[in-house]
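Protein chains: 2
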Amino acid sequence: MLNPFDAPFRARLAALLPEGTLREAAPRHLAEPRGRWQGRPGPLAAPRTTEDVATILGACNAARVGVVPWGGGTGLVSGQVMPDGPLPLILSLERMTALRGLWPGENVIAVEAGMTLAAVQDTARQAGRLFPLSLASEGTATIGGNLATNAGGTQVLRYGTARELCLGIEAVFADGRVMRGLKRLRKDNTGYDLRDLILGSEGTLAVITAASLRLYAPPAQRLVALMAVPSPAAAQGLLALCEDRAGGLVSGFELISRMGFDFLAETGHDIRPPFDPLPDWMVLMELGLPPLMDGPATMAGIYDEAARAGLALDGVIAQSEAQADQLWAMREAIPEGNRRIGSISSHDISLPLGAIPDFIAAAGERLRAMADIRINCFGHLGDGNLHFNLFPARGHGRGDYAPLAAALSDAVHEMVAAYDGSISAEHGIGRLKTADLARYGDPARLAMMRAVKAALDPAGILNPGAVLPL
Amino acid sequence: MLNPFDAPFRARLAALLPEGTLREAAPRHLAEPRGRWQGRPGPLAAPRTTEDVATILGACNAARVGVVPWGGGTGLVSGQVMPDGPLPLILSLERMTALRGLWPGENVIAVEAGMTLAAVQDTARQAGRLFPLSLASEGTATIGGNLATNAGGTQVLRYGTARELCLGIEAVFADGRVMRGLKRLRKDNTGYDLRDLILGSEGTLAVITAASLRLYAPPAQRLVALMAVPSPAAAQGLLALCEDRAGGLVSGFELISRMGFDFLAETGHDIRPPFDPLPDWMVLMELGLPPLMDGPATMAGIYDEAARAGLALDGVIAQSEAQADQLWAMREAIPEGNRRIGSISSHDISLPLGAIPDFIAAAGERLRAMADIRINCFGHLGDGNLHFNLFPARGHGRGDYAPLAAALSDAVHEMVAAYDGSISAEHGIGRLKTADLARYGDPARLAMMRAVKAALDPAGILNPGAVLPL
Chain F
1 MLNPFDAPFR ARLAALLPEG TLREAAPRHL AEPRGRWQGR PGPLAAPRTT EDVATILGAC
61 NAARVGVVPW GGGTGLVSGQ VMPDGPLPLI LSLERMTALR GLWPGENVIA VEAGMTLAAV
121 QDTARQAGRL FPLSLASEGT ATIGGNLATN AGGTQVLRYG TARELCLGIE AVFADGRVMR
181 GLKRLRKDNT GYDLRDLILG SEGTLAVITA ASLRLYAPPA QRLVALMAVP SPAAAQGLLA
241 LCEDRAGGLV SGFELISRMG FDFLAETGHD IRPPFDPLPD WMVLMELGLP PLMDGPATMA
301 GIYDEAARAG LALDGVIAQS EAQADQLWAM REAIPEGNRR IGSISSHDIS LPLGAIPDFI
361 AAAGERLRAM ADIRINCFGH LGDGNLHFNL FPARGHGRGD YAPLAAALSD AVHEMVAAYD
421 GSISAEHGIG RLKTADLARY GDPARLAMMR AVKAALDPAG ILNPGAVLPL
Chain W
1 MLNPFDAPFR ARLAALLPEG TLREAAPRHL AEPRGRWQGR PGPLAAPRTT EDVATILGAC
61 NAARVGVVPW GGGTGLVSGQ VMPDGPLPLI LSLERMTALR GLWPGENVIA VEAGMTLAAV
121 QDTARQAGRL FPLSLASEGT ATIGGNLATN AGGTQVLRYG TARELCLGIE AVFADGRVMR
181 GLKRLRKDNT GYDLRDLILG SEGTLAVITA ASLRLYAPPA QRLVALMAVP SPAAAQGLLA
241 LCEDRAGGLV SGFELISRMG FDFLAETGHD IRPPFDPLPD WMVLMELGLP PLMDGPATMA
301 GIYDEAARAG LALDGVIAQS EAQADQLWAM REAIPEGNRR IGSISSHDIS LPLGAIPDFI
361 AAAGERLRAM ADIRINCFGH LGDGNLHFNL FPARGHGRGD YAPLAAALSD AVHEMVAAYD
421 GSISAEHGIG RLKTADLARY GDPARLAMMR AVKAALDPAG ILNPGAVLPL
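Just so you know, the sequences run in chain order F and W.
Each residue of the first sequence is one higher than the one before, starting from 1 at the first, in full-length UniProt numbering.
Each residue of the second sequence is one higher than the one before, starting from 1 at the first, in full-length UniProt numbering.
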């Protein structure tokens, strides 16, 4: 059993730390973006060094006081907000933002966990390198949080998730021991892969304090196009065509449903998709090509062949960087339209690629038979990752669906399970989906997850209630 | 403490398994390629199904009998041979060779652990797909062993190690519980990454019985060249040039030292490198390009620019698939020359890319000051992975160096540690390097590795003495 963070413990801990490290949590530390979970006012530690993180965890472990690691607060599954149980200490990495090292010739950067993703990207860019992890909240989200949740985003198809971009981590275990693993190595087969075990564990196995990351040579040419497609199956055919024509150089392949643009229009957002009438399905694609390749001819060739094969109905190829950015801005605006309409439930799912067209059709049919809803299905088609979100019919609000929301959500998860998919492709489990994980997860895997948690954090102080229920 | 596999346990286990599952180990199950470790005659189980694997592990766990998983027997660190301690059961996956599924359109294949790597490659090729893991022993090595050791090879630069090619695993834990994780998903953030924890754990945390793997579209054009370079630093400059010119499409970049070809000539191997006189350093490079790229012009442009910049002294670009194969055959023959000369010690190391030229110079100087030796340094330069092997001077045998061998080996490892490198880049720890891991590994990481081992295999039956000492 955990103990609450109380005044005597506060005094003991404060004596071990530099002045100003212990504070009160601000409102931003207690909220999460969808406003469904709320933390309680209480203590926050903002250490400046790994040694201070070690001191904090060691003391909390000895006193059995819970610790909630906090990055940028942008997580969508309430991994960063603990609404009940014994009052925890929030551990914010916001003052650990140093660049530990930059080796452009090696394509490696080492940064502290509190640096924002955008700052990592900028630092790499200034050295002529690309750090490809890219997602909507990158200005606020920290790299430590990205790694702790194994974040995805729009460039996974080519460059992988946060896990695949990480070469090494420095991390502090629950008992305060520090693993110094900021390796700059591409290959290292010396024992168990604790790095990948900690990445994606959402702060429940260790606290990441710094990481070494892979950089890339930026592609010499970026080609971006928005194409109208007759169906999700055609979109997949188009992706196969792109991969054949452009080798491993497809860096983005996003499915867009008409509903996304309808929502933006309905809520007064000024967006002008280039098709009239709007097709039901569109694809935003990006190729990152080397200098000696004829980029425009490659993209035009893909469009011509897709049109001939019936995989594309219409298309716009960006003729400048500004046009490319405009096409991406349309894609990036979709979550804002969703927020303005207000979802009944939101699902970050992944599916075997071959199952996606069937899933979209069958799930839509089943859910619409349950209630008069609208579905906005969009996302990272190349990764099999759909954001499958349910919305009220026009003229209704989400409140009208309150009695049905749980049943609708369950229906989505049941269908995902039936198609061998995942109920959390990139957002993680947090506290929002622990019951779903317990229900749909493989029993042997869950048992071993609990064994690993007990082995690495025997007192259970690290992010209590996240990933695994208390 | 473990118990030996004895007659009463044999009788109990045999009663639980289909006839013919329990056998005697053959000589090939008791040897390892370098002939330095030797197993003892004893029992072997060759199950046909995952359920039989579960039965075997459950029974061995209850009786505290050690189990040594066995794939193709090609491992170089004696992970597959247990020379002492209570007699274990060897668990060979050689009868589990089924194709579980093939989805060419999804770029996914699912196979049982006993299928050879070559058979996985062939099955993919027949479906028009590429499984890029490639290494010298691929005709014998099994995919289960490749995954259990996180094998590397010659295509890691572009496609990653075995870990990065694996989407999911079916595995049996020590207590016989089966994790059914043959996912075909690109993204899945539902809890701890037990897959990557088990991959590379060399059979000490679970037994992999099947895996789902990533396939790729084969590149439309393969361009292969052998270039003479003035130094390892120039070879790295050449790699950077290739990456700029060919985006992420460099699939192989191998450093070759003149010593490798000298050894082949000295031992009567018929090999004709295309340079006379032979340069001290060469690079074998491969590009895998999409159809619309002008491959020959790209490779010729790389060579011209490299020559102008002083990064290449001479070069041969393969003009046919046959010539490309010949160039690769020269690279692949190097280990045979090494075997014929007989190494004093062999090191599979990785280093930060920027440290490699310094390391090669400094380590060579230090070692040659200790003894009159020859060094063959070659390998996967793009991954920072060198095979750094020490050989007798001409006219001497390895026996002449016996009194010095340990000191030479220690000197290599000390220098690797000083340069923040790894003492095992791709071969693993096995039983050969447990003392080195204990000496050079991060203490917190080692402590947590032991905690993980105790959590997942409390009786310690899985591959006793491998990775972590008994």
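All C-beta atoms in this analysis are idealised placements derived from N, C-alpha and C, irrespective of residue type, glycine included.
Straight-line CA distance for residue i to residue j?
i, j, result
"Arg12/W", "Gly364/F", "54 Å"
"residue 476/F", "Glu202/F", "The displayed coordinates of chain F run from 1 to 470. Any statement about residue 476/F would go beyond what the structure contains."
"Ile169/F", "Arg398/W", "40 Å"
"Leu437/F", "Pro41/F", "29 Å"
"Gly430/W", "Thr190/F", "9 Å"
"Ala63/W", "Tyr401/W", "45 Å"
"Leu381/W", "Val53/W", "39 Å"
"Arg180/W", "Asp442/F", "7 Å"
"Ala162/W", "Asp314/F", "40 Å"
"Gln155/F", "Leu238/F", "17 Å"
"Gly395/W", "Leu367/W", "19 Å"
"Ala228/W", "Asp276/W", "11 Å"
"Gln38/F", "Ala235/W", "56 Å"
"Arg10/W", "Asn3/W", "12 Å"
"Glu24/F", "Leu44/F", "5 Å"
Are there 16 or more other CB atoms within 10 angstroms of the CB of residue i, so buried, or fewer, so exposed?
i, result
"Ser320/W", "exposed"
"Ala393/W", "exposed"
"Pro47/W", "buried"
"Gly114/W", "buried"
"Asp175/F", "buried"
"Leu470/W", "exposed"
"Leu266/W", "Here residue 266/W is Glu; the residue named in the question, Leu, does not match the sequence. Exposed, since its Cβ has fewer than 16 Cβ neighbours within 10 Å."
"Asp193/F", "buried"
"Ala26/W", "exposed"
"Glu426/W", "buried"
Using a Cβ-Cβ cut-off of 8 Å, state whether residue i counts as contacting chain F.
i, result
"Trp103/W", "yes"
"Ser346/W", "no"
"Arg64/W", "no"
"Thr21/W", "no"
"Ile423/W", "yes"
"Met299/W", "no"
"Asp410/W", "no"
"Ser350/W", "yes"
Spell out whether any CB of chain W is found under 8 Å from the CB atom of residue i.
i, result
"Phe173/F", "yes"
"Leu199/F", "yes"
"Leu456/F", "yes"
"Ile143/F", "no"
"Tyr401/F", "no"
"Ile317/F", "no"
"Ile109/F", "no"
Tell me the residue span of the alpha helix (DSSP H) that contains residue i.
i, result
"Trp328/W", "Glu321 to Ile341"
"Val156/F", "Val156 to Tyr159"
"residue 471/W", "Any answer about residue 471/W is impossible in this case: the structure gives chain W only from 1 up to 470."
"Met82/W", "No alpha helix (DSSP H) contains Met82/W, which DSSP labels as neither H nor E."
"Ala459/W", "Here Ala459/W belongs to no alpha helix (DSSP H), and DSSP marks it neither H nor E."
"Asp122/W", "Leu117 to Gln126"
"His380/W", "Note, His380/W: premise wrong, no alpha helix (DSSP H); beta strand (DSSP E) at Ile373 to His380."
Between residue i and chain C, is any beta-carbon pair separated by less than 8 Å?
i, result
"Leu135/W", "In the structure shown, chain C does not exist; the protein chains are F and W."
Can you tell me where the beta strand (DSSP E) holding residue i begins and where it ends?
i, result
"Gly288/F", "Trp281 to Leu289"
"Thr209/W", "Ala206 to Arg214"
"Pro8/W", "Note, Pro8/W: premise wrong, no beta strand (DSSP E); alpha helix (DSSP H) at Ala7 to Leu16."
Residue i: which of the options sits nearest, CA to CA?
i, options, result
"Asp122/W", "Asp410/W, Leu99/W, Ile360/W and Met415/W", "Leu99/W"
"Val172/W", "Leu432/W, Gly342/W and Gly58/W", "Gly58/W"
"Ala322/F", "Pro403/F, Asp262/F and Arg222/F", "Arg222/F"
"Asn463/W", "Met115/W, Gly200/W, Ala127/W and Ile109/W", "Gly200/W"
"Leu215/F", "Met415/F, Trp103/F and Arg366/F", "Trp103/F"
"Ala405/W", "His427/W, Gly379/W, Ile373/W and Asp420/W", "Ile373/W"
Taking only heavy atoms of the ligand FAD into account, decide whether any of them is closer than 7 Å to the Cβ of residue i.
i, result
"Asp420/W", "In the structure on display, the ligand FAD does not appear, and there are no ligands present to speak of."
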